[in-house]
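Numbering (full-length UniProt numbering), first residue to last: 1 to 639. This report refers to the structure that appears directly beneath it.
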Amino acid sequence: MVFRKLPGVSASGMGLRLSQKFVFLIFLSGLVTLCFGALFFLPDSVRLKRIFLSKTETQPVTVGSGSGSENDAREHLKRPKEQDHPRAMTSTKGDTSTKLKSLSRKPAVSREATEERLAGGRAQEDLTLSRSKTESATVPDSDANWDTFSYDKFRRCLLKPPLGRDGGRPSDPKTTERRDKVKEMMKFAWDNYKRYAWGKNELRPLTRNGHIGNIGASIIDSLDTLYIMGLMDEYNDAKQWVQSSLDLNSNGEASLFEVNIRYVGGLLSAYYLTGEELFKTKAVELGEKLLPAFNTPTGIPRGVINLGSGTSWSWGWASAGSSILAEFGTLHLEFVHLTELSSNPIYTEKVMNIRKLLNKIEKPHGLYPNFLSPVSGNWVQHHVSIGGLGDSFYEYLIKSYLMSDKTDDDAKMMYYSALEAIEANLVQKSPGGLTYMAEWRGGILDHKMGHLACFSGGMIGIGADDGAPEKRQHYLDLAAEITHTCHESYTRSATKLGPEAFRFDSGAEATATRLSDRYYILRPEVIESYMYMWRLTHDPKYREWGWEAVEALEEHCRVESGFSGIRDVYTMTVSHDNMQQSFFLSETLKYLYLLFSDDDLLPLEDWVFNTEAHPLPIIRKNKHDFHEKSTFFLSFFPL
1 MVFRKLPGVS ASGMGLRLSQ KFVFLIFLSG LVTLCFGALF FLPDSVRLKR
51 IFLSKTETQP VTVGSGSGSE NDAREHLKRP KEQDHPRAMT STKGDTSTKL
101 KSLSRKPAVS REATEERLAG GRAQEDLTLS RSKTESATVP DSDANWDTFS
151 YDKFRRCLLK PPLGRDGGRP SDPKTTERRD KVKEMMKFAW DNYKRYAWGK
201 NELRPLTRNG HIGNIGASII DSLDTLYIMG LMDEYNDAKQ WVQSSLDLNS
251 NGEASLFEVN IRYVGGLLSA YYLTGEELFK TKAVELGEKL LPAFNTPTGI
301 PRGVINLGSG TSWSWGWASA GSSILAEFGT LHLEFVHLTE LSSNPIYTEK
351 VMNIRKLLNK IEKPHGLYPN FLSPVSGNWV QHHVSIGGLG DSFYEYLIKS
401 YLMSDKTDDD AKMMYYSALE AIEANLVQKS PGGLTYMAEW RGGILDHKMG
451 HLACFSGGMI GIGADDGAPE KRQHYLDLAA EITHTCHESY TRSATKLGPE
501 AFRFDSGAEA TATRLSDRYY ILRPEVIESY MYMWRLTHDP KYREWGWEAV
551 EALEEHCRVE SGFSGIRDVY TMTVSHDNMQ QSFFLSETLK YLYLLFSDDD
601 LLPLEDWVFN TEAHPLPIIR KNKHDFHEKS TFFLSFFPL
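What follows is the structure, given as structure tokens:
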């Protein structure tokens with residue numbers, strides 16, 4: 001049919017003159033040359049090469065229910081691991097080759113030296129090009145390796161340096177002094193942990209020993225905090241412990257939620273900030289160990305897992321063996337990044353399967369109850385809370401959208417739909433004019449707000465720009481009102497620290513009326529909202545409120561050998577609980593440090609914080625690819 005449309009060609013297609021054949025062959029060979037030239041010389045054309053050159057095709061993965069889920073996990077784990085990949089044998093920070101499996105101590109490096117080696121420029125680009133040529137010749141033709149992660153490329157995708165122009169140091173002397181105080185608190189907490197509880201999960205500062213567990217929760221949680229504060233000796237000690245002592249085969253009960261947000265999140269954050277391949281390798285290895293928890297009829301993971309055996313089960317206290325919304329709903333950020341680093345789609349598939357199920361099932365009044373059966377996929381109770389058991393599910397919806405460079409429209413839709421339901425059913429105004437988030441129990445409101453729910457001021461604030469344009473100011477106002485209420489829960493106590501939960505009934509407003517709610521365990525959520533609201537508004541009151549919290553922590557929680565929670569915030573004769581929580585190092589002190597830093601330290605344009613305050617970068621992969629390819633074409637065809 002093509003030949004019939006050419007002049008001088010008979011219906012049979014066999015009547016070309018010699019000169020016409022010659023012209024036609026020249027045209028055809030030029031077209032083929034152009035196509036294959038573009039195919040093989042465009043940047044990042046590995047995907048296209050694979051389409052034409054691969055000899056085998058991997059079967060698509062089905063994430064479904066029943067025993068098939070277990071088989072899917074096993075099949076994905078058969079793919080080459082990241083540390084076995086030729087790329088993993090080369091340091092991304094220089095041209096020195098290093099084997100990741102070696103546990104010999106590396107020389108300690110300063111943060112400045114790390115930043116210098118990771119800086120962009122022609123030399124760095126030449127090094128990247130050299131690596132890509134080597135990889136294209138040695139990477140196996142496997143579906144797991146068609147889009148290997150490039151740390152150099154990731155760094156070029158950032159809009160600003162992660163640590164700012166001068167480490168985020170403010171120009172105002174008063175703010176600088178306050179920031180330095182927070183850094184001193186971190187060093188004091190860390191030094192005592194190292195002295196009395198090294199390798200244990202947490203420090204008991206009164207008895208000067210470690211809390212149960214030997215997988216170094218405080219070490220992993222502190223890696224990025226130490227790094228951004230410039231405490232490099234301490235950071236190098238933590239890195240060495242990860243290299244030599246982190247046990248990923250620990251037998252015993254482990255929370256899927258805690259392992260993900262603390263260990264996977266902390267290791268991912270440390271890798272993205274420093275470029276240390278060690279952290280990436282450990283994060284991916286640990287991610288693999290979490291996959292058996294998803295082997296349920298619905299793909300909803302169970303809450304507890306044994307990292308050694310892979311056995312998983314539900315919490316004994318969870319109603320009817322259910323899984324918890326805030327646990328299975330707080331995996332998305334980390335799992336998407338595990339896919340980015342490992343080129344293994346199973347992590348993204350697992351969390352997208354969760355989202356698919358949540359979209360399918362009926363939601364009472366548009367709300368998400370806290371308990372879901374991993375067997376039937378149905379809600380077990382109609383208890384809804386923006387605090388404990390539900391909180392970070394909503395946080396991860398808006399942050400998934402932001403982390404995707406605002407391309408994850410499904411997460412956006414789910415977040416704003418949930419927020420509408422929350423406003424319609426849970427947001428209340430007290431007689432005294434305080435806005436708060438009540439809890440919902442089968443249609444009956446419980447006028448209680450937990451300290452954990454105080455993160456929601458910051459959450460609503462960072463999502464204000466991307467909802468309906470006419471609601472932008474409304475969302476900012478709502479965020480400010482909730483943050484103000486949480487501040488009131490602090491100012492209405494004798495210690496100026498907030499209780500675990502506070503009520504709005506029987507004449508009480510923003511105060512704990514039950515003895516069991518009067519404790520404070522160094523929680524970060526109120527300070528977290530201060531930090532976000534400062535970044536969004538630059539209202540100086542948020543820094544003042546943060547400094548009030550610093551003074552209260554120093555007066556009531558600092559003891560001789562660390563920091564401790566207190567049992568009653570309403571009495572000046574404090575009783576300490578003898579626990580320096582690891583999230584105090586990861587979240588509370590980090591958010592305070594950021595509050596008193598310039599906005600270019602971990603700028604929100606580039607970073608999203610997971611629910612343990614570990615910063616993860618926004619994924620701009622497609623934009624960067626487009627920029628590279630556009631530059632290539634424009635060099636030949638300028639506009």
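Glycine is no exception: its CB is placed at the ideal position from the N, C-alpha and C atoms. Everything numeric in this text was worked out from a predicted model, so none of it was measured.
What is the DSSP secondary structure of residue i, reduced to helix, strand or coil?
| i | result |
| --- | --- |
| residue 620 | coil |
| residue 407 | coil |
| residue 503 | strand |
| residue 428 | strand |
| residue 215 | coil |
| residue 149 | coil |
| residue 325 | helix |
| residue 446 | strand |
| residue 584 | helix |
| residue 305 | strand |
| residue 437 | strand |
| residue 570 | coil |
| residue 562 | strand |
| residue 596 | coil |
| residue 511 | strand |
| residue 375 | coil |
| residue 519 | coil |
| residue 25 | helix |
| residue 155 | helix |
Compare the Cα-Cα distances from residue i to each of the options and report the closest residue.
| i | options | result |
| --- | --- | --- |
| residue 353 | 343, 610, 329 | 329 |
| residue 325 | 263, 388, 278 | 388 |
| residue 411 | 604, 431, 559, 466 | 466 |
| residue 333 | 542, 399, 30 | 399 |
| residue 335 | 162, 327, 349, 322 | 349 |
| residue 293 | 263, 327, 228 | 327 |
| residue 459 | 223, 393, 596 | 393 |
| residue 423 | 295, 431, 582, 478 | 478 |
| residue 288 | 339, 239, 549 | 339 |
| residue 312 | 487, 374, 384 | 374 |
| residue 295 | 285, 265, 351 | 351 |
| residue 437 | 406, 470, 390 | 390 |
| residue 379 | 396, 397, 360, 425 | 360 |
| residue 215 | 247, 517, 357, 345 | 247 |
Do you know offhand how far residue i's Cα is from residue j's?
| i | j | result |
| --- | --- | --- |
| residue 243 | residue 382 | 45 Å |
| residue 377 | residue 220 | 34 Å |
| residue 570 | residue 433 | 23 Å |
| residue 250 | residue 551 | 39 Å |
| residue 485 | residue 435 | 6 Å |
| residue 261 | residue 29 | 55 Å |
| residue 498 | residue 428 | 20 Å |
| residue 252 | residue 305 | 8 Å |
| residue 640 | residue 593 | With the chain covering 1 to 639 only, the question about residue 640 has no answer from this structure. |
| residue 314 | residue 474 | 40 Å |
| residue 281 | residue 604 | 26 Å |
| residue 519 | residue 566 | 6 Å |
| residue 481 | residue 572 | 28 Å |
| residue 431 | residue 369 | 28 Å |
| residue 161 | residue 240 | 26 Å |
| residue 355 | residue 158 | 28 Å |
| residue 441 | residue 513 | 20 Å |
| residue 203 | residue 535 | 32 Å |
Since residue i and residue j are thought to touch, with beta carbons under 8 Å apart, how far apart are those beta carbons, to the nearest angstrom?
| i | j | result |
| --- | --- | --- |
| residue 461 | residue 192 | Contact doesn't hold; Cβ gap of about 34 Å is too wide. |
| residue 494 | residue 451 | Incorrect: roughly 17 Å between the Cβ atoms, too far for contact. |
| residue 209 | residue 197 | 6 Å |
| residue 303 | residue 256 | 6 Å |
| residue 490 | residue 531 | Their Cβ separation, rounded to whole angstroms, is 15 Å, which puts residue 490 and residue 531 out of contact at 8 Å. |
| residue 365 | residue 320 | That belief does not hold up - the Cβ atoms of residue 365 and residue 320 are roughly 22 Å apart, past 8 Å. |
| residue 595 | residue 607 | Rounded, the Cβ-Cβ distance is 15 Å, inconsistent with contact. |
| residue 583 | residue 554 | That belief does not hold up - the Cβ atoms of residue 583 and residue 554 are roughly 18 Å apart, past 8 Å. |
| residue 668 | residue 274 | This structure leaves residue 668 out entirely; the chain is present only between 1 and 639. |
| residue 559 | residue 576 | 6 Å |
Verify the contact flag: residue i, CB atom, against every heavy atom of the ligand FMN, threshold strictly below 8 Å.
| i | result |
| --- | --- |
| residue 613 | In the structure on display, the ligand FMN does not appear, and there are no ligands present to speak of. |
Which whole runs of the alpha helix (DSSP H) in the region 241 to 298 are 4 residues long or more, in chain order? 265 to 274, 277 to 290
Please give the ranges of any alpha helix (DSSP H) in the region 443 to 486, keeping only runs that are unbroken, at least 4 residues long and fully inside the region. 456 to 462
Unbroken alpha helix (DSSP H) runs of length 4 or more, entirely within the region 337 to 389: which are they? 346 to 360
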